[in-house]
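Enquirer:
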Amino acid sequence: MSNARKRLPVKPSAEHLRKQAKRRQRLAEGRTLADVQYEMAQEYGCRNWGELMHVVETMLRGADQLSNVKYDWEALPKAVNEDDIDRVREILASGKFTQHDLDLGLARALYFPKRRELAELLVEHGADVDGQYGSDYGPIVLVTGEGLNADALQFMIDHGCDVTFSPIKSKYGQASPMGHTLGSYVRGRNEHKHRCIEILEKHGAYMPPEVTPPMMAIHKGDAKLLKQMLRDDPGLVHRQFPDMPYGNISLKGATLFHLAAEYAEIECINVLLDHGADINVRAMVIDGVGGQTPVFHAAAAYDHWKAEALPLLTERVGEWLDTSVRATVKRFDERIGPVSVMELYNKNTEILELLKPLDVKTKLKTALRRGDTKSANELIDAHPEALGIDLWPAAIIEGKSLEATRLLAERGLSVDQCTAPRKPLHLAVYPCLPEIVQYLLEQGADPNQQNPLGETPLELLNAYETRPVGDPDASEIRQLLLEAGVKDSILAATRAGEIETVKHFLSESPESIHQLVPIDGLSVLAVAACCGRVEIVRLLLEKGMAVDGANELGNTPLWFACRSLASIADRLEVAKVLLEAGASVNHPCEDGETPLEAARNSNELELIALLESYFPGD
1 MSNARKRLPV KPSAEHLRKQ AKRRQRLAEG RTLADVQYEM AQEYGCRNWG
51 ELMHVVETML RGADQLSNVK YDWEALPKAV NEDDIDRVRE ILASGKFTQH
101 DLDLGLARAL YFPKRRELAE LLVEHGADVD GQYGSDYGPI VLVTGEGLNA
151 DALQFMIDHG CDVTFSPIKS KYGQASPMGH TLGSYVRGRN EHKHRCIEIL
201 EKHGAYMPPE VTPPMMAIHK GDAKLLKQML RDDPGLVHRQ FPDMPYGNIS
251 LKGATLFHLA AEYAEIECIN VLLDHGADIN VRAMVIDGVG GQTPVFHAAA
301 AYDHWKAEAL PLLTERVGEW LDTSVRATVK RFDERIGPVS VMELYNKNTE
351 ILELLKPLDV KTKLKTALRR GDTKSANELI DAHPEALGID LWPAAIIEGK
401 SLEATRLLAE RGLSVDQCTA PRKPLHLAVY PCLPEIVQYL LEQGADPNQQ
451 NPLGETPLEL LNAYETRPVG DPDASEIRQL LLEAGVKDSI LAATRAGEIE
501 TVKHFLSESP ESIHQLVPID GLSVLAVAAC CGRVEIVRLL LEKGMAVDGA
551 NELGNTPLWF ACRSLASIAD RLEVAKVLLE AGASVNHPCE DGETPLEAAR
601 NSNELELIAL LESYFPGD
């Protein structure tokens, strides 16, 4: 148990103690200053005033150093640090040590897991588990968090150590057992960290308020809890946190993805990627520091510690990682930048080996996005291994460049293969790029090829980026695909707003009215509502389609109309037609959201007013 004596503060002051002694001597009639000083020394566990002053001096050694702290050790902690148990026993037997020597010796024994025997020996001789480390560091229990030593932490608690205290001021800022554990610079020992957190929580340790529940889920490696939080709050995956603490590279202004990469919490990284985390998201710039992407943190965790976040990112999403991002970062309180991740770790050959292929790929993609075929050709000539089907998105959907598309095809890339879920022709149809669609078809692209979601290029047209009826680019692409032999469908005709074609399908194949989109089971009416095709909505209702017929997620046509990307004018007209036909504004849809709530979430005042006018009881 802890000794019943006074403890010196984190950063003691000899001058303050002298003034305190003089003040006490003035208040105590008949006592000498020497008497008072002796009494004070005894209160602090010292034999005499000289020893107390010596303890203060030793505790201040290194107090002005923040990293690579070096100073002269007293004999006992020096012997402990050298793991010399015989010398430790000799010093203890001689009695030539101070209380602080015992306490610092215990701290050094705890820092290294294999020194348990030394720790036991020091506690037997009076080492204080609640004592100070010295050097303006704080209580010795903090070393268990810094080194992520769960066994040492449990040892301290078993011997009566208090872990519940509020943060105290030290040269490293506000310090507490949980804060030191979460903020440890050690990487790649996550199981030890998780156990430290579990022990501290069990014993009521103070929790830093800036650590939010989602952050804590990552610190604990609780991927299951993180997944549930992302389901409950989908926007969480993209949120930036101005006050996010810790990080060998400062995490202020970062996202949860930066945090998971910093601490190499592999399962959490995978969960975040599965929920749409942006691999190139940049942290906020605060006071001139920030702008880094998660790969900066993954590289920091790999540097020295070999934590596996960086290999995971290069393997799973390497083709999309942008190594050209430049940021000003704070690494171990040193401000560096603007630098790219390649420049920041230009002396670490292992990191460079992992990132260099991505760096070449980044430069090549940048050239393709710009339509800079000269630079792209030069890069491919110099690095032929960089040529791959993962380049199609940069040329087509990101660069919208016919010249870059032609370059890749002429360099021999298959026009039907791409690492992205959507193939080259899909990529050109999605943003309505008729020139590129025509070129790819001329190069033999399969117009009926399906992506992993079961969509053909024609089925992508107007599916996610609705164009007005008669839009020339969309009409040209539809005609090109039909001429290439694509089979038309009532769903594709509905998306295009071709009411006469829809009528033809209903006349020649009445059963076509029951067709569903393979993804999520949208009905023809839901597709018409989603695309803002007012006349087709009227036609389908006249043909008897259920006005509130929901898809497999529970979403009704009115809900789709409220969430649509069509023009507000078309959305209003579709909503009016559906409401006049009896559509419910209160039908619970996806995640319990009703059409009325969807309208309110759209912030479109006319749409909100329209649905509210049909609210029951109004």
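Residue numbering for the sequence shown follows UniProt numbering, beginning at 1 and increasing consecutively.
Heads up, the beta-carbon is just placed ideally off N, CA and C, and yes, glycines get one too.
So residue 144 is in the alpha helix (DSSP H); what residue range does that whole segment cover?
Expert: Here residue 144 refers to the residue found at position 144 of the sequence shown. Segment 142 to 146, the alpha helix (DSSP H) holding residue 144.
Enquirer: Would you say residue 421 and residue 451 are within 7 Å of each other, going by their C-beta atoms?
Expert: For the purposes of this step, residue 421 is identified with residue 421 of the sequence shown, where counting begins at 1. For the purposes of this step, residue 451 is identified with residue 451 of the sequence shown, where counting begins at 1. A contact, by the Cβ cut-off of 7 Å.
Enquirer: Could you tell me which of 589, 209, 241 and 539 sits nearest to residue 581, measuring between CA atoms?
Expert: Numbered from its first residue, the sequence shown carries residue 581 at position 581. If we check each option's Cα against that of residue 581, 539 comes out closest.
Enquirer: Can you give the Cα-Cα distance for residue 206 and residue 219, rounded to whole angstroms?
Expert: By 1-based counting over the sequence shown, the position of residue 206 is 206. By 1-based counting over the sequence shown, the position of residue 219 is 219. So the two alpha carbons sit approximately 15 Å from each other.
Enquirer: I'd like the list of long-range same chain contacts for residue 619, defined as Cβ closer than 7 Å, with 5 residues on each side in sequence excluded.
Expert: This structure leaves residue 619 out entirely; the chain is present only between 1 and 618.
Enquirer: Looking at residue 559: is its Cβ nearer than 7 Å to the Cβ of residue 595?
Expert: The residue given as residue 559 occupies position 559 in the sequence shown. The residue given as residue 595 occupies position 595 in the sequence shown. Yes.
Enquirer: Count the other C-beta atoms from every protein chain shown that fall within 10 angstroms of the C-beta of residue 144, then say buried if there are 16 or more, exposed otherwise.
Expert: If you number the sequence shown from 1, residue 144 lands on position 144. With 16 or more other Cβ atoms within 10 Å, it is buried.
Enquirer: Quick check on DSSP: helix, strand or coil for residue 386?
Expert: By one-based count along the sequence shown, residue 386 stands at place 386. Looking at residue 386 - three-state DSSP - the assignment turns out to be helix.
Enquirer: Please state whether DSSP places residue 421 in a helix, a strand or coil.
Expert: Position 421 of the sequence shown, counted from the start, is the residue given in the question as residue 421. In this structure, residue 421 counts as coil in the three-state DSSP scheme.
Enquirer: How would you call residue 249, buried or exposed, if buried means at least 16 neighbouring beta carbons within 10 angstroms?
Expert: Residue mapping note: residue 249 aligns to position 249 of the sequence shown, counting from 1. It counts as buried.
Enquirer: With distance defined between alpha-carbon atoms, name the residue in 214, 177 and 416 nearest to residue 196.
Expert: For the purposes of this step, residue 196 is identified with residue 196 of the sequence shown, where counting begins at 1. Residue 177 is the option with its Cα nearest to residue 196.
Enquirer: How is the beta strand (DSSP E) around residue 681 delimited, first residue to last?
Expert: A query on residue 681 cannot be resolved here, the shown segment of the chain reaching from 1 to 618 and no further.
Enquirer: What does DSSP give as the partner residue(s) for residue 330 in the beta ladder?
Expert: Start at 1 with the first residue of the sequence shown, and residue 330 comes out as number 330. Beta-bridge pairing links residue 330 to 335.
Enquirer: Need the endpoints of the alpha helix (DSSP H) that residue 602 sits in, please.
Expert: Along the sequence shown, one-based indexing puts residue 602 at 602. Start and end: 595 to 602.
Enquirer: First and last residue of the beta strand (DSSP E) that includes residue 175?
Expert: Here residue 175 corresponds to residue number 175 of the sequence shown, with the count starting at 1. 173 to 175 is the extent of the beta strand (DSSP E) around residue 175.
Enquirer: Does DSSP classify residue 154 as helix, strand or coil?
Expert: Within the sequence shown, the letter at position 154 stands for residue 154. In the three-state reduction of the DSSP assignment, residue 154 falls in the helix class, which pools H, G and I.
Enquirer: With H, G and I counted as helix, E and B as strand and the rest as coil, what does DSSP make of residue 415?
Expert: Translated into the one-based positions of the sequence shown, residue 415 becomes position 415. Looking at residue 415 - three-state DSSP - the assignment turns out to be coil, as it is neither helix nor strand.
Enquirer: For residue 618, which of helix, strand or coil comes out of DSSP?
Expert: Within the sequence shown, numbered from 1, the residue matching residue 618 stands at position 618. Caution is warranted here: a pLDDT of 45 is assigned to residue 618, below 50, making its placement in the model unreliable, and no coordinate value can be reported.
Enquirer: Which residue's Cα is closest to the Cα of residue 265: 283, 224 and 228?
Expert: For the purposes of this step, residue 265 is taken as residue 265 along the sequence shown, with counting starting at 1. The residue with the shortest Cα to Cα distance from residue 265 is 224.
Enquirer: Distance check for residue 20 and residue 29, CA to CA, integer angstroms please.
Expert: Along the sequence shown, read from residue 1 onward, the residue named residue 29 stands at position 29. Along the sequence shown, read from residue 1 onward, the residue named residue 20 stands at position 20. For residue 29 and residue 20, the distance between alpha carbons rounds to 16 Å.
Enquirer: What are the boundary residues of the beta strand (DSSP E) that residue 397 is part of?
Expert: Numbered from its first residue, the sequence shown carries residue 397 at position 397. Counting along the chain, residue 397 sits inside no beta strand (DSSP E), nor does DSSP assign it H or E at all.
Enquirer: Hey, quick one: how far does the beta strand (DSSP E) through residue 6 stretch, first residue to last?
Expert: The sequence position of residue 6 within the sequence shown is 6, counting from 1. Element bounds for residue 6: n/a, residue is neither H nor E.
Enquirer: Can you grab the Cα-Cα spacing for the pair residue 1 / residue 274, in whole Å?
Expert: For the purposes of this step, residue 1 is taken as residue 1 along the sequence shown, with counting starting at 1. For the purposes of this step, residue 274 is taken as residue 274 along the sequence shown, with counting starting at 1. Low confidence applies here, because residue 1 scores a pLDDT of 34, under 50, leaving its location unreliable and the question unanswered by this model.
Enquirer: Residue 289 bridges to which residues according to DSSP?
Expert: Position 289 of the sequence shown holds residue 289. Answer by DSSP bridge pairing, in chain order: 286.
Enquirer: How long is the line joining the alpha carbons of residue 58 and residue 65, rounded to whole angstroms?
Expert: As a first step, residue 58 is located in the sequence shown; it is residue number 58 there, counting from the start. As a first step, residue 65 is located in the sequence shown; it is residue number 65 there, counting from the start. Their backbone Cα atoms lie some 14 Å apart in a straight line.
Enquirer: Name the DSSP bridge partner or partners of residue 619?
Expert: Examination of residue 619 is not possible in this model, given that the chain is present from 1 through 618 alone.
Enquirer: Where are the beta strand (DSSP E) runs, 3 residues long or more, that stay fully inside the segment 169 to 219, in chain order?
Expert: As summarised for the segment 169 to 219, the continuous beta strand (DSSP E) elements at least 3 residues long and confined to that stretch are 173 to 175, given in chain order.
Enquirer: When we look at the beta-carbon of residue 319 and count the other beta-carbons within 10 Å, is it buried (16 or more) or exposed?
Expert: Residue numbering aside, residue 319 sits at position 319 when the sequence shown is read from its first letter. Buried, by the Cβ-count rule.
Enquirer: What residue range does the alpha helix (DSSP H) around residue 477 cover?
Expert: Within the sequence shown, the letter at position 477 stands for residue 477. 472 to 483 is the span of the alpha helix (DSSP H), which, as asked, contains residue 477.
Enquirer: Let me confirm a value: residue 472 is counted as buried when at least 16 other C-beta atoms fall within 10 Å, else exposed. Which label applies?
Expert: Against the sequence shown, residue 472 aligns to sequence position 472. Under this definition residue 472 is an exposed residue.
Enquirer: Just the C-alpha distance for residue 237 and residue 331, rounded to the nearest angstrom, thanks.
Expert: Here the question's residue 237 lines up with position 237 in the sequence shown. Here the question's residue 331 lines up with position 331 in the sequence shown. Computed Cα separation, rounded: 24 Å.
Enquirer: Apart from the five residues just before and just after residue 311, which ones in its own chain have a Cβ nearer than 7 Å to its Cβ?
Expert: For this step, residue 311 is matched to residue 311 along the sequence shown. Excluding positions up to five away in sequence, the list reads 354.
Enquirer: Which one or two residues does DSSP pair with residue 132 in a beta bridge?
Expert: For the purposes of this step, residue 132 is taken as the residue at position 132 of the sequence shown. 139.
Enquirer: By a C-beta neighbour count over all protein chains shown, 10 Å radius and 16 as the cutoff for buried, is residue 16 buried or exposed?
Expert: Locating residue 16 in the sequence shown gives position 16, where the first residue counts as 1. Exposed.
Enquirer: Exposed or buried, which one is residue 288 when buried takes at least 16 other CB atoms within 10 Å?
Expert: As a first step, residue 288 must be located in the sequence shown, where it is residue number 288. Classification of residue 288: exposed, given that the 10 Å Cβ count is below 16.
Enquirer: Given that a residue counts as buried once 16 or more other Cβ atoms are within 10 Å of its Cβ, and exposed if not, what is residue 31?
Expert: Taking the first residue of the sequence shown as position 1, residue 31 is located at position 31. Exposed.
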